[in-house]
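First comes the structure, then the notes that go with it.
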Amino acid sequence: MSWLGVFLLALQTALGFPAASYALAATGLNLQFGYTGLSNFGMVAFLMMGAYGMAISADRGWGIWVGFALGITAAVVLALLLGIPTLRLRADYLSVVTIATAEILRLVIAARPSAELTGAARGIGGLSSELGFFRPNFIPEGSYGFGDDFVFNSRQLWSMLVCWSLVLLSTLLIRTWVRSPWGRVLRAIREDEDAARSLGKNVVIYKLQSFVIGGVIGSLAGAMMALDSGSVGPARWIAPLTFALYTVVILGGAGTVWGPIVGAVVYWFVLDFADGALNNLWFEVSDTTSGAFRLTLMGIGLMLLMVFRPQGILGNKKEAFAVGR
Amino acid sequence: MDADATTADPFADVAPTPGVAKPDPILVADGVQRRYGGLTAVDVAHLELQRGVITSLIGPNGAGKTTFFNLLTGFDKANAGTWTFEGEKANGVRPHHLARRGMVRTFQLTKALGRMTVLDNMLLAGRDQTGESALKSLVKPLWRDEEAANVERAHELLVRFKLDALADEYAAGLSGGQRKLLEMARALMTDPTLVMLDEPMAGVNPALTQSLLGHVTALRDEGMSVLFVEHDMDVIMTISDWVVCMAEGTIIAEGRPADIAGNDAVIEAYLGIDHGNTTTGEIR
């Protein structure tokens, strides 16, 4: 495989569904973390809600819209359950509670007694045929792209298109929000809760709103992941996925409107480019070795970013360095 | 600085004794206590704050001034006690509700919102903003006019506090003194009736202290009531209409600045007990 081939393959992931779904989830996390300063270390739990909402709906034959509704409702309930007791307390409590809850939920879903509902460790499959996500596919059959490496089939194009549309919609929604007085209160809470309180803002309500909205966007990302892959299982929803989303948010620039999109594209491009280069150009390494190796490269890349551009790709340097109160 | 000659001295018939009643109190506190384990940080039996004057709260370090401040403004929970603001119950009320009722405070360690511009700091403080509702914020026509009015008012205040040139700078870039000014300007943006300033002059150079003092007296002249915590005796004597002195959590004296200056209890609290000629040991 040539350098060009590796480049195109990486570009395919960076423009394709993987980046789109990460961008969507990161948009939700960015509202919580980037704008409100909430350290939600269990974002993956919200993705899980969306994915399993869709899967359970398919399993019972309720259809795709019920699937979305189920995922969103579950995300709202989860956000309220986690938020009401912890958002009154210091920021650390939210981090501890969310990371623990995400793990507990994953283990409960994978446990044998849950098999009736969640399929336990085997998960739920055959979602696409059940829900017909690819049936009203307006893109004719065939493959699109050029060469051998930059090719999407009609199904891939369809899920890309739907997911990027959701990304665009939620980004525009967030853009309207953060530019309004409502967004100003969120940023004030990120900077100093007590100052916001002393000026008459009900801090807990704003934090809850941000937490719920971010969680719902996360659940949409989870639902899209379930629709795209056609199956869900518990193995995917592990803490490293949350950390990857943080990487995306920080890479693009936390607290910027377009940061999550840029972050997701760059994240997947770098990851897949490193992967391709390692596998096909330099050595014949096993998949597991290159998997570890590309994460090492990602880590070095992040360190360099933190040293030379800590505000992220889109971040405003003046704002990021405006420390002290 | 004497009170306006046309208005009668509100303290004409008020005796300089701790817990004395005032003719027109804006805030009345009774039996306020805050304990940390075995230590009683605040134990105020009765205190009334006169409306429309500058009252300063003084006392040595650890006297419980800031804790008392935090209790009154809802930032800390009292173990016992009741207090009213404008005649309505104010104990057990959350801080943002008190702020909306017109009791605004600043902090000893300034809380300028660093990664927001000076103008955004000001706009945040605007009262009852339609655009601060999650749903209505999405429809700009609902709040556009209100926002424009707030921007105008914010600019007026910034001009008054000589911060207008810095409106678009991030607040973190301001000097310590400018942050104090910003915090005071921001507090005014909430249209308060009682302004509570926690050591507004701490760590500020003498020239700026004078300007801050000017701003504090201006608040009173505009009809607001001011309560402020301060250490500097010169500052207190210059601008206060009434002085309350705390030591070890209780109020040990109150009165006009002149009453306080000669008060034995106050001198004792600040300088320690005068043992006169008696000594407990012999120096060889």
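Quick note, the sequences are listed as chains A and B, same order.
Residues 13 to 337 (the numbering used here) make up the first sequence, in order.
Residues 24 to 307 (the numbering used here) make up the second sequence, in order.
For glycine and all other residues, C-beta sits at the position ideal for the given N, C-alpha and C.
Note that the coordinates shown come from a computational prediction; the quantities given were computed from them, not determined experimentally.
Asked                                                                                                                                                                                    : Found
With DSSP collapsed to three states, give me the class of Ala256 of chain A.                                                                                                             : helix
For chain B, find out if any of its Cβ atoms is closer than 8 Å to the Cβ of Trp77 of chain A; answer yes or no.                                                                         : no
Can you name the start and end residues of the alpha helix (DSSP H) that Glu205 of chain A belongs to?                                                                                   : Glu205 to Ser210
Hey, out of A:Ala81, A:Tyr47 and A:Gln24, whose CA is closest to Glu331 of chain A's CA?                                                                                                 : A:Tyr47
Give the DSSP bridge partners of Lys329 of chain A, in chain order.                                                                                                                      : In DSSP, Lys329 of chain A forms no bridge with anything.
Which residues of the region 146–173 of chain A have a Cβ closer than 9 Å to any Cβ of chain B? Give them in chain order.                                                                : none
Check the Cβ of Pro118 of chain B against every Cβ in chain A and list those closer than 7 Å, keeping chain order.                                                                       : Arg209 and Ser210
Using a Cβ-Cβ cutoff of less than 8 Å, which residues in the same chain neighbour Ala286 of chain A once the five nearest sequence positions on both sides are dropped?                  : Phe305, Arg306, Leu309 and Met310
So for Thr216 of chain B, helix, strand or coil by DSSP?                                                                                                                                 : coil
Provide the residue span of the beta strand (DSSP E) that contains Met269 of chain B, from first to last.                                                                                : Trp265 to Ala270
Within 10 angstroms of its Cβ, does Arg72 of chain A collect 16 or more other Cβ (buried), or is it exposed?                                                                             : exposed
May I ask which residues mark the beginning and end of the beta strand (DSSP E) holding Phe158 of chain A?                                                                               : Ser155 to Phe158
Does Ile259 of chain B come out as helix, strand or coil in the three-state DSSP assignment?                                                                                             : helix
Consult DSSP for Met311 of chain B and reduce its assignment to one of helix, strand or coil.                                                                                            : In the structure as shown, chain B begins at 24 and stops at 307. Residue 311 of chain B is therefore absent and cannot be evaluated.
Which class does Asn52 of chain A belong to by DSSP, given the choice of helix, strand or coil?                                                                                          : coil
Please tell me whether Met224 of chain B has its Cβ less than 8 Å away from any Cβ of chain A.                                                                                           : no
Give me the chain A residues within the contact set of Met139 of chain B, using Cβ-Cβ distance strictly less than 7 Å, ordered along the chain.                                          : Arg199, Ala200 and Glu203
Return the first residue and the last residue of the beta strand (DSSP E) that Arg58 of chain B is part of.                                                                              : Pro48 to Tyr59
Grouping DSSP H, G and I as helix and E and B as strand, with all else coil, what is Leu314 of chain A?                                                                                  : helix
Which residues mark the beginning and the end of the alpha helix (DSSP H) in which His178 of chain B is found?                                                                           : Arg167 to Arg183
Which runs of the alpha helix (DSSP H), 4 residues or longer, sit entirely within the region 41–99 of chain A?                                                                           : 55–72 and 76–98
Bridge partners of Leu80 of chain B, per DSSP?                                                                                                                                           : B:Val252 and B:Val267
Between the Cα of Lys203 of chain B and those of B:Asp214, B:Pro215 and B:Leu181, spot the shortest distance and give me the residue it belongs to.                                      : B:Leu181
Helix, strand or coil for Gln73 of chain B per DSSP?                                                                                                                                     : strand
What did DSSP end up calling Phe164 of chain A once you bin it into helix, strand or coil?                                                                                               : strand
What are the start and end residues of the alpha helix (DSSP H) that includes Trp270 of chain A?                                                                                         : Unbroken run through Trp270 of chain A: none, as it is neither H nor E.
Pull up the distance between the alpha-carbon of Met318 of chain A and that of Gly264 of chain A, whole angstroms please.                                                                : 12 Å
Looking at chain A, is there any beta carbon in it that lies within less than 8 Å of the beta carbon of Glu111 of chain B?                                                               : no
Just to check my reading of the structure: Ser182 of chain A and Phe58 of chain A have Cβ atoms closer than 8 Å, yes? What is that Cβ distance to the nearest angstrom?                  : Contact doesn't hold; Cβ gap of about 13 Å is too wide.
Helix, strand or coil: how does DSSP classify Asp99 of chain B here?                                                                                                                     : coil
What residues of chain A sit near Ser248 of chain B, judged by a beta carbon separation below 9 Å?                                                                                       : Simply none; closest approach about 17 Å.
Between Val163 of chain A and Gly157 of chain A, is the Cβ-Cβ spacing less than 8 Å?                                                                                                     : yes
Sorted by chain position, which residues of the same chain lie with C-beta nearer than 7 Å to Val244 of chain A's C-beta, five sequence neighbours on each side aside?                   : Ala63, Tyr64, Ala67, Gly135, Ile136 and Ala238
Count the other C-beta atoms from every protein chain shown that fall within 10 angstroms of the C-beta of Val18 of chain A, then say buried if there are 16 or more, exposed otherwise. : buried
Relative to the C-alpha of His120 of chain B, which candidate in B:Thr133, B:Asp151, B:Met145 and B:Val239 has its C-alpha closest?                                                      : B:Asp151
From A:Thr268, A:Leu129, A:Leu43 and A:Gly79, pick the residue whose C-alpha is nearest to that of Gly234 of chain A; which is it?                                                       : A:Gly79
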